[in-house]
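The block underneath contains the structure these notes are about, expressed in structure tokens.
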Amino acid sequence: MDQRLVIRELREPDIAAAQEVMRSVIEDSAEAYDPVIHADVEDLRGSYLRRQGAFMLVVEDTTSGEVLATGGLRNGAFDPDEVPPQLALLERRYRDGGTGQVTRVHVLPQHRRCGIARALVEAIIDRARAEAQYVRLALHTHPYSPGALTFWLAMGFQEVLDDMEASHQIFLELPLSTERNRPVLPGTA
28 MDQRLVIREL REPDIAAAQE VMRSVIEDSA EAYDPVIHAD VEDLRGSYLR RQGAFMLVVE
88 DTTSGEVLAT GGLRNGAFDP DEVPPQLALL ERRYRDGGTG QVTRVHVLPQ HRRCGIARAL
148 VEAIIDRARA EAQYVRLALH THPYSPGALT FWLAMGFQEV LDDMEASHQI FLELPLSTER
208 NRPVLPGTA
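The numbering used here applies: residue 28 is where the sequence shown begins, and numbers increase by one.
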């Protein structure tokens, strides 16, 4: 990663710039920006700055002050009332609060392929390990995000559930402790 770039905690004055990065990247993908689905983007303050076990990092170009990328972590528990049947095993697996969900890893297109995402994700993993609140990290990715699955696998995450038929998502995990990843199959969790 370029020496002019710094990874740091999201601050109040960064909120609008971070939201713009996220909205821009989401709209650039095949996914439509939806204020309901992306409620955490709409409320970065409440979702990441004021919530226990959550944080948002940004990558800043120190020469221009521009926010180039975002990436965060929050509790990975699902709302049991809103989980579709095919994800019920993950809901049970994550309900104990021991799973941190990696979220909103977005890099502006003109700054991709420069090591920014890798450095950002490594910073998220390092902080999660240092804080020791979670035993595993989890995330989901989509097939329309070019290179995403390959990237996450290279970062050490392992596929635990392929839900391409229903939700068009692949779920991955990275153990932070001695826990071993295991696929989520009927009867396990």
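Heads up, the beta-carbon is just placed ideally off N, CA and C, and yes, glycines get one too.
Reduced DSSP category for residue i - H, G, I as helix; E, B as strand; rest coil
{"i": "R50", "result": "helix"}
{"i": "R38", "result": "coil"}
{"i": "R163", "result": "strand"}
{"i": "A216", "result": "Unreliable positioning characterises A216 in this predicted model, as indicated by a pLDDT of 45, which lies under 50. The coordinate reading is nonetheless provided below. DSSP places A216 in coil when its eight states are reduced to three."}
{"i": "D189", "result": "strand"}
{"i": "V63", "result": "coil"}
{"i": "P202", "result": "strand"}
{"i": "V68", "result": "helix"}
{"i": "G127", "result": "strand"}
{"i": "V148", "result": "helix"}
{"i": "P107", "result": "helix"}
{"i": "G142", "result": "coil"}
DSSP beta-bridge partners of residue i
{"i": "H133", "result": "T97"}
{"i": "F82", "result": "L100"}
{"i": "E87", "result": "V33, V94"}
{"i": "Q196", "result": "D190"}
{"i": "T168", "result": "I197"}
Spatially closest choice to residue i from the options, by CA coordinates
{"i": "Q79", "options": "R101, A115, A165", "result": "R101"}
{"i": "E47", "options": "I64, T90, Y171, V94", "result": "V94"}
{"i": "A159", "options": "A81, T90, E87", "result": "A81"}
{"i": "L114", "options": "D190, I34, R131, T130", "result": "D190"}
{"i": "G174", "options": "R139, S194, M49, A150", "result": "R139"}
{"i": "E69", "options": "E54, S56, E87, M49", "result": "M49"}
{"i": "D55", "options": "S172, D88, L199", "result": "S172"}
Distance, residue j Cα to residue i Cα
{"i": "I143", "j": "D29", "result": "8 Å"}
{"i": "S25", "j": "G99", "result": "What the structure shows of the chain is the stretch from 28 to 216, and residue 25 is not part of that stretch, so it cannot be assessed."}
{"i": "T215", "j": "Q137", "result": "Confidence is the limiting factor: at T215 the pLDDT is only 48, short of 50, which leaves the residue's position unreliable, though a coordinate-based value still follows. Whole-angstrom Cα-Cα distance: 42 Å."}
{"i": "P213", "j": "E186", "result": "Confidence in P213 is poor, its pLDDT being 46 and thus under 50, which makes the residue's placement unreliable; the coordinate value appears in the next sentence. Approximately 15 Å, taken between the alpha carbons."}
{"i": "T97", "j": "L201", "result": "20 Å"}
{"i": "A43", "j": "R122", "result": "32 Å"}
{"i": "M182", "j": "D108", "result": "32 Å"}
{"i": "L76", "j": "P112", "result": "32 Å"}
{"i": "S270", "j": "G127", "result": "With the chain represented from 28 up to 216, any question about residue 270 goes unanswered, as that position is not in the structure."}
{"i": "L116", "j": "E39", "result": "37 Å"}
{"i": "R31", "j": "W179", "result": "25 Å"}
{"i": "R35", "j": "H167", "result": "24 Å"}
{"i": "R120", "j": "T130", "result": "18 Å"}
{"i": "L135", "j": "D41", "result": "15 Å"}
{"i": "T90", "j": "E58", "result": "32 Å"}
{"i": "S194", "j": "A165", "result": "16 Å"}
Cβ-heavy atom distance, residue i to the ligand ATP, below 7 Å
{"i": "E149", "result": "Only the bare structure without any ligand can be found here, which leaves the ligand ATP out of the picture."}
Supposed contact pair residue j and residue i - C-beta distance, whole angstroms, cut 8 Å
{"i": "I197", "j": "L176", "result": "6 Å"}
{"i": "R154", "j": "G125", "result": "That pair is no contact at about 16 Å."}
{"i": "H133", "j": "V52", "result": "4 Å"}
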